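Chemist:
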Amino acid sequence: MRYITAFFVLLCSLSFPLVAADNELTDPNQTLELLSSNTFARLDKEKNRLESEPEYIKVIIEEELIPYFDYKYAAYSVLGPNLKKTTSEQRSQFVDAFYEYSINAYGHILLNYNQQTLTILGNNNFKGKKVVSIPVRMQENTGQITQLSFKLRKNAKTGEWKVFDVIAEGVSMLDTKRSEFSALIQRQGIDELIKLLKQKNSEFSS
Numbered sequence: 023m024r025y026i027t028a029f030f031v032l033l034c035s036l037s038f039p040l041v042a043a044d045n046e047l048t049d050p051n052q053t054l055e056l057l058s059s060n061t062f063a064r065l066d067k068e069k070n071r072l073e074s075e076p077e078y079i080k081v082i083i084e085e086e087l088i089p090y091f092d093y094k095y096a097a098y099s100v101l102g103p104n105l106k107k108t109t110s111e112q113r114s115q116f117v118d119a120f121y122e123y124s125i126n127a128y129g130h131i132l133l134n135y136n137q138q139t140l141t142i143l144g145n146n147n148f149k150g151k152k153v154v155s156i157p158v159r160m161q162e163n164t165g166q167i168t169q170l171s172f173k174l175r176k177n178a179k180t181g182e183w184k185v186f187d188v189i190a191e192g193v194s195m196l197d198t199k200r201s202e203f204s205a206l207i208q209r210q211g212i213d214e215l216i217k218l219l220k221q222k223n224s225e226f227s228s
């Protein structure tokens with residue numbers, strides 16, 4: 023779908039800087055500004071290397087995106103009510119598989135990055151909140167505009183805001199994956215879902 027593709031592109035585009043001070047993450051707007059500027063700069067810098075060594079995209083993702091992406095919370099959210107039905111070992115395996123799946127999926131999209139223009143509209147109404155949505159507008163080279171919203175969650179212990187979901191034209195990544203994964207879990211169980219994710223990860227790497 024066009025909307026899902028758009029959200030994936032933006033999610034990857036608003037990735038994360040190599041190193042960020044704690045105070046840079048206590049404002050969700052600042053977080054997104056940093057993610058955008060650092061990621062675009064890194065992609066431009068590594069453009070030639072990526073053309074000859076596309077697998078290097080995974081290094082960029084692990085350095086620029088993962089440290090500021092709350093992938094564990096996202097993984098648990100994707101499981102939804104099924105989370106309570108899993109064992110500690112199953113949860114650990116799922117989070118690991120989801121982590122690798124995310125890196126591979128983002129890598130595939132980032133390699134197709136084509137100078138999209140992003141405008142972070144901001145949201146200053148986040149005081150006292152645990153979750154906040156920040157609107158972002160993406161414009162393609164063709165002029166086409168896609169409206170997105172980044173959802174960030176505040177860690178109660180650290181006070182840091184990290185991305186866990188992206189909504190493109192009303193379509194949530196987590197809701198879409200939750201529906202897809204839930205159907206598979208109902209039919210075949212969580213172990214089969216973990217197996218499927220591992221299989222897809224192997225296909226990405228081959």
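First residue of the sequence shown: 23, per my numbering; consecutive thereafter.
Each residue gets a CB set at the ideal place from its N, CA and C atoms; glycine is no exception.
Quick caveat, the model's predicted, so the values are computed rather than measured.
1. Using DSSP with H/G/I as helix, E/B as strand and the rest coil, what is residue 178?
2. Run through DSSP, which three-state label would residue 208 get?
3. Tell me whether the beta-carbon of residue 132 lies closer than 8 angstroms to the beta-carbon of residue 189.
4. Could you give the C-beta distance for residue 186 and residue 49, rounded to a whole number, given that I count them as a contact under 8 angstroms?
5. Quick check on DSSP: helix, strand or coil for residue 92?
6. Using 10 angstroms around the beta-carbon of residue 224, count the other beta-carbons present and answer buried if the total reaches 16, otherwise exposed.
7. What does the alpha-carbon distance come out to for the pair residue 99 and residue 60?
8. According to DSSP, which residues form a beta bridge with residue 161?
9. Please classify residue 187: does DSSP put it in a helix, a strand, or coil?
10. Would the beta-carbon of residue 158 fall within 8 angstroms of that of residue 140?
11. On the DSSP bridge list, what partners appear for residue 156?
12. Taking the DSSP output, what are the residues bridged to residue 227?
13. In whole angstroms, what separates the C-alpha of residue 210 from that of residue 227?
14. Using alpha carbons as the reference points, say which of 126, 95, 222 lies closest to residue 84.
15. Quick one: give me the first and last residue of the alpha helix (DSSP H) that residue 109 is part of.
16. According to DSSP, residue 194 sits in a beta bridge with which residue or residues?
17. Measure from the alpha carbon of residue 221 to the alpha carbon of each residue in 160, 110, 116, then state which is nearest.
18. Suppose contacts are defined by Cβ-Cβ distances below 8 angstroms. Is residue 164 in contact with residue 191 by that definition?
19. Could you compute how far the alpha carbon of residue 112 sits from the alpha carbon of residue 200?
20. Report the three-state DSSP secondary structure of residue 87 (helix, strand or coil).
21. Thinking just about the alpha-carbon of each residue, which of 152, 161, 81, 156 is nearest to the one in residue 122?
Modeler: To lay it out plainly:
1. One-based indexing of the sequence shown puts residue 178 at position 156. DSSP places residue 178 in coil when its eight states are reduced to three.
2. Here residue 208 refers to the residue found at position 186 of the sequence shown. DSSP places residue 208 in helix when its eight states are reduced to three.
3. As a working note, residue 132 is residue 110 in the sequence shown. As a working note, residue 189 is residue 167 in the sequence shown. Not closer than 8 angstroms, so no.
4. Numbered from 1 along the sequence shown, position 164 holds the residue referred to as residue 186. Numbered from 1 along the sequence shown, position 27 holds the residue referred to as residue 49. The Cβ separation is near 17 angstroms, so there is no contact.
5. Here residue 92 is taken as the residue at index 70 of the sequence shown, counted from 1. In the three-state reduction of the DSSP assignment, residue 92 falls in the coil class.
6. For the purposes of this step, residue 224 is taken as the residue at position 202 of the sequence shown. Its Cβ having fewer than 16 others within 10 Å, residue 224 is exposed.
7. Counting from one through the sequence shown, the residue named residue 99 turns up at place 77. Counting from one through the sequence shown, the residue named residue 60 turns up at place 38. Distance between the alpha carbons of residue 99 and residue 60: 27 angstroms.
8. Stepping through the sequence shown from its first residue, residue 161 is reached at position 139. Beta-bridge partners of residue 161 (DSSP): 139, 167.
9. Within the sequence shown, the letter at position 165 stands for residue 187. Looking at residue 187 - three-state DSSP - the assignment turns out to be strand.
10. Stepping through the sequence shown from its first residue, residue 158 is reached at position 136. Stepping through the sequence shown from its first residue, residue 140 is reached at position 118. A Cβ-Cβ contact shorter than 8 angstroms links residue 158 with residue 140.
11. Residue 156 sits at position 134 when you count from the first residue of the sequence shown. Answer by DSSP bridge pairing, in chain order: 172.
12. Counting from one through the sequence shown, the residue named residue 227 turns up at place 205. Residue 227 is not bridged to any residue.
13. On the sequence shown, residue 210 is found 188 positions in, with the first residue counted as 1. On the sequence shown, residue 227 is found 205 positions in, with the first residue counted as 1. Whole-angstrom Cα-Cα distance: 25 angstroms.
14. In the sequence shown, the residue the question calls residue 84 occupies position 62. Of 126, 95, 222, the residue nearest in Cα terms is 126.
15. Taking the sequence shown and counting its residues from 1, one reaches residue 109 at position 87. Going by DSSP, residue 109 is part of no alpha helix (DSSP H) at all; its letter is neither H nor E.
16. The count along the sequence shown starts at 1 and reaches residue 194 at position 172. Under DSSP, residue 194 forms a beta bridge with 189.
17. Taking the sequence shown and counting its residues from 1, one reaches residue 221 at position 199. Shortest Cα-Cα distance from residue 221 to any of 160, 110, 116 involves 116.
18. Here residue 164 corresponds to residue number 142 of the sequence shown, with the count starting at 1. Here residue 191 corresponds to residue number 169 of the sequence shown, with the count starting at 1. By the CB criterion at 8 angstroms, residue 164 and residue 191 fall outside the cutoff.
19. By one-based count along the sequence shown, residue 112 stands at place 90. By one-based count along the sequence shown, residue 200 stands at place 178. Taking the straight line from one Cα to the other gives about 17 angstroms.
20. Locating residue 87 in the sequence shown gives position 65, counting from the first residue. In the structure shown, residue 87 falls within a coil segment according to DSSP collapsed to helix, strand and coil.
21. The residue you call residue 122 lines up with position 100 of the sequence shown. Comparing alpha-carbon positions, the option among 152, 161, 81, 156 lying closest to residue 122 turns out to be 81.
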